[in-house]
Each structure stands twice: as C-alpha cells, then as structure tokens.
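Residue numbers (my numbering), protein chains in the order written: chain A, 11 to 128; chain B, 11 to 128.
Taking it in order: structure first as structure tokens, then the write-up.
There are 2 protein chains.
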Amino acid sequence: MSKQQASDQSSGCCAPISVSALDEAQAVDGAAVFKALSDPIRLRLMSMIASAGGEICVCDLTGQFEVSGPTISHHLRVLRQAGLVDCERRGTWVYYWPLPERMKWVSALLSVPETAIA
Amino acid sequence: MSKQQASDQSSGCCAPISVSALDEAQAVDGAAVFKALSDPIRLRLMSMIASAGGEICVCDLTGQFEVSGPTISHHLRVLRQAGLVDCERRGTWVYYWPLPERMKWVSALLSVPETAIA
DNA sequence: TCACTGTCTCGAAGATCATCTAATCAACCA
DNA sequence: TGGTTGATTAGATGATCTTCGAGACAGTGA
Chain A
11 MSKQQASDQS
21 SGCCAPISVS
31 ALDEAQAVDG
41 AAVFKALSDP
51 IRLRLMSMIA
61 SAGGEICVCD
71 LTGQFEVSGP
81 TISHHLRVLR
91 QAGLVDCERR
101 GTWVYYWPLP
111 ERMKWVSALL
121 SVPETAIA
Chain B
11 MSKQQASDQS
21 SGCCAPISVS
31 ALDEAQAVDG
41 AAVFKALSDP
51 IRLRLMSMIA
61 SAGGEICVCD
71 LTGQFEVSGP
81 TISHHLRVLR
91 QAGLVDCERR
101 GTWVYYWPLP
111 ERMKWVSALL
121 SVPETAIA
C-alpha cells in the first residue's frame, strides 16, 4: 500500500495562478489534484480524513455514505494517487491520514494576494 | 452573457475541511468548483485570466492552445458556470475577468491551519 | 485448519465529458 | 445590404468516469 505517489511537485510551491500563469506541466499536475477533489463523495472523504485529527479507519468512512464498499475503496485510491492521503493496514483495519503539504500546495495555487484584488 | 451564476455560497466562507467535515450540500458545491478546475486547459485558462491583471480578451487566450475555438469557448463557459470568471462583450471582442471571492473561498476550503499540522 | 470480518481488485454497464465540424449570432465596415 | 471577423451554440462521437456485484486477499480467533 501507499506504493504509488503523485509526481513530486508537492513540496516546492509555485506562485499562485493569480500572480503568474501556469506552464503546461504545472497545469497537468494541478488539474490531477483538482480532479481527485471534483467528486462530492471524494471531497467529503477528504474532509472527514483531514478533520479527523490524525487518522481514521475505513470502517468509519464507509458507513457515512450511501454507496457500496468497493466504491468507497475506489474513491480512496483516487485520493491516494493524487497524493492527498496515505494509508496503512494495522491488523484487520486500514487507516487513512491526510498529507497536508499537498493540500497546502493546492490551496496556495488558488490563493489571491491582497495586492491582486485591487 | 453572465446570466447563469453558481449558487451563492461563495461569499460566506465555511471552515477549512481540515478543521470540520463538510456537509453534503457544501461538498456538492465545492466539488463543482473543483471539477471546473480539473482540466489542464481550464486550469491554464483560469490562470491566464487571473494573472492578466484585470481582464483579457478571448482572442488572446485561443491562440495559446492547440484545441479549436469552440472547445476554448466550451471551457470558458464551464469556468463561468462555476462562478470563477465573468465576461462581457465590448464591440467585436469578448473580455473575461476573474472573480477573486470565489477563488478565495475554494482556497480557504483547502487551507491547512498551522495548528492542524502538528 | 476453518470460518468470519474488513478491505481491495476485477470486469461490466451506464452516465458524463472533451473535442470536433457545421451552423448561428453579433459587431463592424464598405 | 452584403461581406468579413470574432465568438458561441448545436449535435455527434469517442474516451473517461462512477458505480456495482462477484470474487480475492489479509488478518483474527475458535
């Protein structure tokens, strides 16, 4: 598990898109993260994982949605491949936790400096 | 033009997803904005519009991409429907500008407070 | 070893999306 | 009025995505 990882542009952050335009590679990487968050179920999963204060068991996630287990598992894999979360099996259960660096990177991409508003 | 507007949750911002979990309505609204940004072409369009320092003509956008004019027009409509940009025809040309409030709302949704990292 | 629980993978069906060409609309100019 | 240019809309097509059921895998406990 947690073998595959998104391309590693998550650390060195680039300027917000409101300051300088993205090049194509940055756009492809950014779009992949936004695509991972573009489903209401995935966004709620991400939000539940991120607000859990550490980590959260899959069994605590599945019950919150009206879709089947395999579907939740699929959505979690998409979030994992986008580099937004990671996971680990411990005994019977699998635990997920957020990767804040990646979230900060995406958030900064969209941030609007005060100087850019006026 | 600029008739249709995204549902108006763009002003009053909710807590970041790393602080409290989203309810379903917030997730649907947020996912719609992320979906609009989930295509590399749309993300670059958004970035070019946001970094133009005011507004930008469609004719300055179309030439930057290897897809046809109607395709660019389609992507711009998606950004418009997500409430991320607005536009106006002036004479022969159509100009687009960013809506920073919406961008700030999305950015804040993903922001990671320092207290939440430790 | 065997049964059971929790989670993931696989393959298929239906829905949605990106893109194109052709046609239309809006503004300008001769 | 008719021609030209810039941009959007309409309709079609191929690709991608969401979801499910069935089955496989990992771990626990009798």
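Yeah, the Cβ is synthetic: ideal placement off N, Cα and C, and Gly gets one too.
Bear in mind that the values here come from a model prediction, so they are computed numbers and not experimental data.
Other residues of its chain near residue i: CB distance less than 7 Å, five sequence neighbours each side excluded
{"i": "A:Cys5", "result": "The shown model of chain A, from 11 to 128, leaves out residue 5 of chain A, and the question about it has no answer."}
{"i": "A:Asp18", "result": "With a pLDDT of 41 at A:Asp18, under the threshold of 50, the modelled position of that residue is not reliable, and the figure given next carries that caveat. Correct list: empty, nothing qualifies."}
The beta strand (DSSP E) enclosing residue i, as first and last residue numbers
{"i": "B:Asp8", "result": "Any question about residue 8 of chain B goes unanswered here, given that chain B covers just 11 to 128."}
{"i": "B:Pro187", "result": "With chain B represented from 11 up to 128, any question about residue 187 of chain B goes unanswered, as that position is not in the structure."}
Residues near residue i by beta carbon distance below 8 Å, same chain, minus five either side
{"i": "A:Asp96", "result": "Ser12, Arg90, Tyr106, Trp107, Leu109"}
{"i": "B:Gln74", "result": "Arg54, Met58"}
Closest residue to residue i among the options (Cα-Cα distance)
{"i": "B:Ala35", "options": "A:Ser30, A:Val88, A:Ile27, A:Pro50", "result": "A:Pro50"}
{"i": "B:Glu111", "options": "B:Arg100, B:Ser121, B:Cys24, B:Leu94", "result": "B:Leu94"}
{"i": "A:Gly64", "options": "A:Glu98, A:Pro26, A:Val116, A:Val77", "result": "A:Glu98"}
{"i": "A:Val88", "options": "A:Ser61, A:Ala46, A:Trp115, A:Phe75", "result": "A:Ala46"}
{"i": "B:Leu176", "options": "B:Ile66, B:Ala25, B:Leu55, B:Arg100", "result": "Given that chain B is displayed from residue 11 to residue 128, the structure contains no residue 176 of chain B and the question cannot be resolved."}
{"i": "A:Ile66", "options": "B:Pro80, B:Met113, B:Ser28", "result": "B:Ser28"}
{"i": "A:Leu71", "options": "B:Ser117, B:Ala31, B:Leu71, B:Ser61", "result": "B:Ala31"}
Below-8 Å beta-carbon distance, residue i vs any chain B residue
{"i": "A:Ala92", "result": "no"}
{"i": "A:Val95", "result": "no"}
{"i": "A:Arg99", "result": "no"}
{"i": "A:Gly73", "result": "no"}
C-beta neighbour in chain A for residue i, strict 8 Å
{"i": "B:Glu34", "result": "yes"}
{"i": "B:Pro80", "result": "no"}
{"i": "B:Ile66", "result": "no"}
{"i": "B:Arg54", "result": "yes"}
Range covered by the alpha helix (DSSP H) that runs through residue i
{"i": "A:Ile51", "result": "50 to 60"}
Cβ-based neighbour list, residue i, same chain, cut-off 6 Å, excluding 5 preceding and 5 following
{"i": "B:Ile59", "result": "Ile66, Val95, Tyr106, Pro108"}
{"i": "A:Glu76", "result": "none"}
3 or more residues per run - each beta strand (DSSP E) lying fully within the segment 66 to 115 of chain A | 95 to 100, 103 to 108
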